[in-house]
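These notes concern the structure reproduced below.
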Amino acid sequence: MVYPLRQLCLVWIVLSFCHANGHGFRLKASEIMAKLDLKPNPEGGFYAETFRDTSISLSTSQLPPRYIGENQQVQYTVPPDVWFGAFPTRDYDISKDNAVVKNAARDAEKHFSLVGTTVAPAFEFEDFVLAKRSELISQPAKTMPIAIGPFRATPDERRAGKLRKRHQKMVRTASAVAAKLNLKPHPEGGFFSETFRDTSITLSTSQLPPEYKVDRAISTAIYFLLPSGSVSRLHRIPSAETWHFYLGEPLTVLEIDEKDGSAKLTCIGQDIGENQQLQYTVPPNVWFGAFPTKDYTISKENGVVKNAARDGEEHFSLVGCTVAPAFQFEDFVLAKRSELVARFPAHESLISIITFAD
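Numbering (UniProt numbering), first residue to last: 1 to 358.
Structure follows, in structure tokens:
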């Protein structure tokens, strides 16, 4: 079997604590399913594949034997070859001794969560194995600590309605988020931290197109924070990069395709009712960068107009970026404004806001 490098999907699971409200939209689960064309998933919930990177294909001979087809964090990576699933956090109370109590049934139209999942090498149903309850129960138990959402909430607190108050006390400034997630300045602008590098599979340059300068892991994931007043400067990498929106304000990704000179703007945010994208993949080898959507007004009549300055502590975006094959700084190319403007003069106003002056 031959595997595309990466597959991405949106998965709908009946969860409660992430129901969106107060952010410009309030959609029911069925409305989101229709909007995103989600279909039933064999493991439960609903999903739609949004991207399959066929620019690089990996044969089974290039992969470990597990790929032969026989067999609360804002971001979390499940390691290879473990049994895993998910359940609505507030549908159950779980004590420290792992006693499980099912709570009263709730309306799934109002109580749900929408998440994105990234798989590299790409997901194939030939590898999908659904667990058998009797077999798992017969295995020795290993107790693991259970974290409920981004904080611990006791059943009494939830019943007393204190959960929302605790949620409101969560870190909500750029510097607090950066400290919590241990973010550091990124050369392109903004702040980041690498959260996962999958070294279970290593790809040599002989297995990759010539744009890849060094051997690398199969994939990487980062947090990326962009405060108001900052930009992610135009750059290029040989891999596809997927942006997942987590919290804060929307941001806009700019792409310039060298092949045809076209420019594309994509707004990433959580208001899908206003055509914001929860998840977006930038294809390989294009110039791309990002800026806070509300920092600029863009129109055909007036071009690009910078809006009044805002406090970057209060106005920011937190996203996740996944790259496969893995990101390496050896491949990272930062754009030069003069060169891009000379090649794409029609996009000078956009290029100027997210590049360094030469």
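Glycine included, every Cβ here is placed at the ideal spot set by N, Cα and C.
If you're wondering where the values come from, they're calculated on a predicted model, not measured in any experiment.
With 16 or more other Cβ atoms from the protein chains shown falling within 10 Å of its own Cβ, residue 120 counts as buried. For the pair residue 233 and residue 188, the CB atoms are nearer than the 7 angstroms cut-off. Per the C-alpha coordinates, the member of 277, 261, 313 positioned closest to residue 345 is 261. Per DSSP, the unbroken alpha helix (DSSP H) holding residue 177 starts and ends at 174-180. Annotated as proximal: residue 325 and residue 239, with beta-carbon spacing under 7 angstroms. As far as DSSP is concerned, residue 214 takes part in no beta bridge. Within the model, the alpha-carbon separation for residue 85 versus residue 44 is close to 9 angstroms. Residue environment: residue 104 is assigned as exposed (fewer than 16 neighbouring CB atoms within 10 Å of its CB, all protein chains considered). In this structure, 293 is the residue among 293, 215, 182, 185 with its C-alpha nearest to the C-alpha of residue 304.
Annotation for residue 354: no alpha helix (DSSP H) segment contains it, and DSSP assigns it neither H nor E.
Of the candidates 219, 354, 211, 353, 211 places its Cα closest to the Cα of residue 331. Per DSSP, residue 337 is one residue of the alpha helix (DSSP H) stretching across 337-343.
DSSP places residue 237 in the coil class of the three-state scheme, outside both helix and strand. Between the alpha carbons of residue 91 and residue 99 lies a gap of roughly 14 angstroms. Going by DSSP, residue 301 is part of no alpha helix (DSSP H) at all; its letter is neither H nor E.
Our two residues, residue 259 and residue 235, have alpha carbons roughly 16 angstroms apart in a direct line.
A distance below 6 angstroms between beta-carbons, with the five flanking residues on each side excluded, links residue 264 to the following residues of its chain, in chain order: 255.
Per DSSP, the continuous beta strand (DSSP E) segment holding residue 102 begins and ends at 100-102.
When secondary structure is reduced to three states using DSSP, residue 134 falls in the helix class. Nearest in C-alpha terms to residue 214, of all of 295, 181, 202, 73, is 202. DSSP places residue 330 within a helical segment (H, G or I) once states are collapsed to three. Ranked by Cα distance from residue 53, the options 281, 227, 172 are led by 281.
Of the candidates 317, 288, 341, 350, the residue whose Cα lies closest to the Cα of residue 333 is 288.
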